[in-house]
Amino acid sequence: MICLPPTLRPRWTWRYILGATGATYLLYCFLFASPLFSSRLPQYTGPYAVGAIDLEAPVAEPRRAHDARFKHNDKPAFQVETVLFTIYYPTTQGTISTKPHHLWVPRPLGLVGAGYARFAHISNIVTDSLFTFGLWALVGRTEIPAQVDVPLHGSGSVVSMSVQTPGGTAQSTSTASDGFPVMVFSHGFASSRTQYTQYLGELASRGFVVAALEHRDGSGPGSIIMKRGSEDEDRVMFALRHLQDGSGLDAETFKQAQLDFRQIEIEETVRVLRHINEGKGDQIFAGNPRGEGRELKLWRGRLGIDNATIGGHSFGATLALQTLKDGPSPALPFGGAVVLDPGKSSGRLNDDVRVPALVVHSNSWSRKRSIFFGRPHFDVVKDVVQGIMARGKDAWFLTSLGTSHPSVTDAPVIEPFLLSWTTGSTIDAHEGVRQYVGVSESFLRYQVTGEMTGLLDECVTHPEYDVKAEGRVLSRIFRKYWQIHAAPCSEAKDD
Ligand SMILES: *[C@@H]1O[C@H](CO)[C@@H](O)[C@H](O)[C@H]1NC(C)=O
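In this text, residue positions in the sequence shown follow this note's numbering: the first is -2, and each later residue adds one.
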């Protein structure tokens, strides 16, 4: 018998065959049709240009979500050492950075390729290389069109003001005096901080500061943990099978450990943003091993961090709801939430929500009936939204027609053919993102002003997915793209 090392012995499972087919397909695309299948990310369309800063910051004290350890090196799997996120923010039109654009697939590619191979359960030297090669061939040179490390719009020239009245309460009437509204965004499973750049960059171009996290809870393909004075550490995708026996975790508690790890990362991100807003941006820059953030010292008072928004997609949406439990609090100061396709297999959804929320389902998320802890997932989500309204806060539950689960990510914009073919979305990829941006922008503005505009000013059209309410239609511009399942709109408004 030939003794190959176990990693090289092919296992003829369907996963292996699928993975090999996928890799061959990627190779084919590269050799024959690569330019046809992969598109550039378009420029942002809002009134501001968009800046981007990669920030990694060490936590003051390492914080642990769970004591489980890795098999391969005996290190704790759920210990947060640093937090990594990209800030997308408004900058002045015409600002051009001297630094190169960020790449859509962060380096090293090999780490990311190996991570995706692990997701497919076919990681070995051969498949890792094939995935890496596929990534390089298809999207290796794809750039994020934001300007790297340019000044925040108006920083340096406009001094932010908050007026103290004799009574001692801070008067703030406009967004400007409170700084730009802030959203902290959490990605889904098998994803990373660079997978939602079109959606988040568009929001930045409309006047919002967005922190796009990269979670190191094993749910991303691969990320490097960098800390000044320590060696870089690779954190490739991991699952329960990569942890030592006796961790006491099962499939469900493993996910909860991931969520708790993610929540720590969110809290640390808030802490970093607060420091920046307090004028300590130079310290954050000095501690950032990624070398960006030169101008952060000028961001004092520019961030509306005390009434921020938590956003998330899929696993990240489940997390977004979790962070609202008992909230808001100084550590999790979220006065609103944007919840996109809350997870169907990421554990229970927290329904203790006391702040306004926008919940958006993609079409395929609503259409496919899934049983979730004994009930239809759709009903559970609708109950969460109605529970918020029962507490006297505004909340919306919508379905975005023609879209599929990845429609809000960059993937369909970059690979429109591949994605519409594999996921069944029928909407034009750019239109899909545009619809998500439009409704999210309305919500983020609502959170600051209390004004319901656009889609948020419409009434329930479909109490259930695809089940019409008598005599209810949306305004023409929304009809083709949306169904509204729950909304604060009162009947009287329509008369
Ligand atoms: C956020 O700001 C809005 C508008 O000023 C206000 O109604 C809401 O109570 C604030 N939320 C929190 C949690 O401070």
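For each residue, glycine too, the CB sits at the ideal point set by N, CA and C.
Checklist entry - With 16 other CB atoms within 10 Å as the buried threshold, where does S152 fall? => result Taking the sequence shown and counting its residues from 1, one reaches residue 152 at position 155. Answer is buried; the Cβ neighbour count reaches 16.
Checklist entry - Just to confirm, does N274 get its C-beta within under 6 Å of one of the non-hydrogen atoms of ligand 1? => result Within the sequence shown, residue 274 is the residue found at index 277, counting from 1. No, the beta carbon of N274 sits no closer than 6 Å to any heavy atom of ligand 1.
Item to check | Backbone CA spacing between T92 and R291 [nearest angstrom] | outcome: Looking up residue 92 in the sequence shown gives position 95. Looking up residue 291 in the sequence shown gives position 294. Each residue's Cα considered, the two are about 15 Å apart.
Next on the checklist: I'd like the span of the beta strand (DSSP E) that includes Q480, first residue to last.
Outcome noted: For the purposes of this step, residue 480 is identified with residue 483 of the sequence shown, where counting begins at 1. Note, Q480: beta strand (DSSP E), W479 to A483.
Checklist entry - Do P325 and ligand 1 come close, with the Cβ less than 6 Å from some heavy atom? => result On the sequence shown, residue 325 is found 328 positions in, with the first residue counted as 1. Result yes, Cβ under 6 Å from ligand 1.
Item to check | Cβ-Cβ separation, G185 to S311 (assumed contact under 8 Å), whole Å | outcome: Locating residue 311 in the sequence shown gives position 314, where the first residue counts as 1. Locating residue 185 in the sequence shown gives position 188, where the first residue counts as 1. Correct: roughly 3 Å between the Cβ atoms.
Next on the checklist: Taking the beta carbon of G371 as the centre, do at least 16 other beta carbons fall within 10 Å, making it buried, or is it exposed?
Outcome noted: Position 374 of the sequence shown holds residue 371. When all chains shown are included, G371 counts as exposed.
Item to check | Endpoints, alpha helix (DSSP H) assigned at M234 | outcome: Here residue 234 refers to the residue found at position 237 when the sequence shown is read from its first residue. Note, M234: premise wrong, no alpha helix (DSSP H); not H, not E.
Item to check | Selected residue, minimal CA-CA separation from N360, among R61, L135 and Y462 | outcome: Residue mapping note: residue 360 aligns to position 363 of the sequence shown, counting from 1. Closest by alpha carbon: Y462.
Checklist entry - Where does the unbroken alpha helix (DSSP H) through I261 begin, and where does it stop? => result Translated into the one-based positions of the sequence shown, residue 261 becomes position 264. Segment A248 to N274, the alpha helix (DSSP H) holding I261.
Next on the checklist: For the alpha helix (DSSP H) containing T315, name the first residue and the last one.
Outcome noted: For this step, residue 315 is matched to residue 318 along the sequence shown. Where T315 is concerned, the enclosing alpha helix (DSSP H) stretches over F312 to Q319.
Next on the checklist: ligand 1 and N304: does the residue's C-beta get closer than 6 Å to at least one heavy atom of that ligand?
Outcome noted: Numbered from 1 along the sequence shown, position 307 holds the residue referred to as residue 304. The answer is yes for N304.
Checklist entry - Taking the continuous alpha helix (DSSP H) assigned at T88, which residues delimit it? => result Looking up residue 88 in the sequence shown gives position 91. T88 -> not in any alpha helix (DSSP H); beta strand (DSSP E) instead, spanning Q76 to T88.
Checklist entry - Where G43 and G204 are concerned, what is the direct C-alpha to C-alpha distance, given to the nearest angstrom? => result Here the question's residue 43 lines up with position 46 in the sequence shown. Here the question's residue 204 lines up with position 207 in the sequence shown. Their backbone Cα atoms lie some 8 Å apart in a straight line.
Item to check | N- and C-terminal bounds of the beta strand (DSSP E) containing D48 | outcome: Counted from its first residue, the sequence shown places residue 48 at position 51. Before going further, note that residue 48 is Gly rather than Asp in the sequence given. Where G48 is concerned, the enclosing beta strand (DSSP E) stretches over A46 to R61.
Item to check | Beta-carbon spacing of L329, G176 below 7 Å | outcome: Residue 329 sits at position 332 when you count from the first residue of the sequence shown. Residue 176 sits at position 179 when you count from the first residue of the sequence shown. The answer is no: Cβ separation not under 7 Å.
Next on the checklist: Three or more C-beta pairs under 8 Å: does that hold for the segment 223 to 232 against the segment 279 to 299?
Outcome noted: yes
Next on the checklist: Using a Cβ-based criterion (distance less than 6 Å to any ligand heavy atom), does G332 qualify as near ligand 1?
Outcome noted: Start at 1 with the first residue of the sequence shown, and residue 332 comes out as number 335. Checking every heavy atom of ligand 1 against the Cβ of G332, one is found closer than 6 Å.
Next on the checklist: Is it buried or exposed, C0, if we count other Cβ atoms within 10 angstroms and call 16 or more buried?
Outcome noted: Taking the first residue of the sequence shown as 1, we reach residue 0 at position 3. Low per-residue confidence applies at C0: pLDDT is 48, beneath 50, and the placement is therefore not dependable enough to give any value.
Next on the checklist: I'd like the span of the beta strand (DSSP E) that includes S183, first residue to last.
Outcome noted: Position 186 of the sequence shown, counted from the start, is the residue given in the question as residue 183. Note, S183: beta strand (DSSP E), F177 to S183.
Checklist entry - Comparing alpha-carbon positions, which option in S404, K96, G137 and P148 lies nearest V109? => result The residue given as residue 109 occupies position 112 in the sequence shown. When only C-alpha atoms are compared, the closest one is G137.
Checklist entry - By the 10 Å Cβ neighbour count, where 16 or more other Cβ atoms means buried, how is H69 classified, buried or exposed? => result Here residue 69 is taken as the residue at index 72 of the sequence shown, counted from 1. Note on H69: under 16 other CB atoms within 10 angstroms of its CB, so exposed under the neighbour-count rule.
Checklist entry - How far does the beta strand (DSSP E) with A354 in it reach, from first residue to last? => result The residue given as residue 354 occupies position 357 in the sequence shown. Looking at the DSSP string, the run of the beta strand (DSSP E) that includes A354 is A354 to S359.
Item to check | Reduced DSSP secondary structure (H/G/I, E/B, other) of S220 | outcome: The residue labelled residue 220 in the question sits at position 223 within the sequence shown. In this structure, S220 counts as strand in the three-state DSSP scheme.
Item to check | Straight-line gap, N121 to R469 (C-alpha atoms, nearest Å) | outcome: Taking the sequence shown and counting its residues from 1, one reaches residue 121 at position 124. Taking the sequence shown and counting its residues from 1, one reaches residue 469 at position 472. Cα to Cα, the separation comes out at about 55 Å.
Next on the checklist: Based on DSSP bridge pairs, tell me the residues matched to V335.
Outcome noted: Within the sequence shown, numbered from 1, the residue matching residue 335 stands at position 338. DSSP lists G308 and L355 as partners of V335.
Next on the checklist: By the three-class DSSP mapping on this structure, what secondary structure does F369 have?
Outcome noted: Locating residue 369 in the sequence shown gives position 372, where the first residue counts as 1. DSSP places F369 in strand when its eight states are reduced to three.
Item to check | Three or more C-beta pairs below 8 Å linking the segment 263 to 275 and the segment 405 to 415 | outcome: Using a Cβ-Cβ distance cut-off of 8 Å, the segment 263 to 275 and the segment 405 to 415 are not in contact, since fewer than three pairs of beta carbons, one from each stretch, lie closer than that value.
Next on the checklist: Using only the alpha-carbon positions, how far apart do H482 and V356 sit?
Outcome noted: Locating residue 482 in the sequence shown gives position 485, counting from the first residue. Locating residue 356 in the sequence shown gives position 359, counting from the first residue. Roughly 10 Å separates the two Cα atoms.
Item to check | T10 classed as buried or exposed, judged by whether at least 16 other C-beta atoms fall within 10 angstroms | outcome: Counted from its first residue, the sequence shown places residue 10 at position 13. The residue is exposed, with fewer than 16 neighbouring Cβ atoms inside 10 Å.
Item to check | Integer Cβ distance of L471 from E448, believed to fall under 8 Å | outcome: The residue labelled residue 471 in the question sits at position 474 within the sequence shown. The residue labelled residue 448 in the question sits at position 451 within the sequence shown. The beta carbons of L471 and E448 sit about 19 Å from each other, so the pair does not count as a contact at 8 Å.
Checklist entry - When burial is assigned at 16 or more other CB atoms within 10 Å of the CB, is Q161 buried or exposed? => result Taking the sequence shown and counting its residues from 1, the one referred to as residue 161 is at position 164. In this prediction, Q161 scores a pLDDT of 36, lower than 50, which makes its location untrustworthy; the coordinate-derived value is nonetheless stated afterwards. When all chains shown are included, Q161 counts as exposed.
Item to check | Spatial distance of T124 from I14 (CA atoms) | outcome: For this step, residue 124 is matched to residue 127 along the sequence shown. For this step, residue 14 is matched to residue 17 along the sequence shown. Roughly 11 Å between the two C-alpha positions.
Next on the checklist: Distance check for S397 and W479, CA to CA, integer angstroms please.
Outcome noted: Here residue 479 refers to the residue found at position 482 when the sequence shown is read from its first residue. Here residue 397 refers to the residue found at position 400 when the sequence shown is read from its first residue. Each residue's alpha carbon lies about 5 Å from the other.
Checklist entry - Relative to the alpha-carbon of L316, which residue among S437, R37 and S216 has its alpha-carbon at the smallest distance? => result Position 319 of the sequence shown, counted from the first residue, corresponds to residue 316. Closest by alpha carbon: S216.
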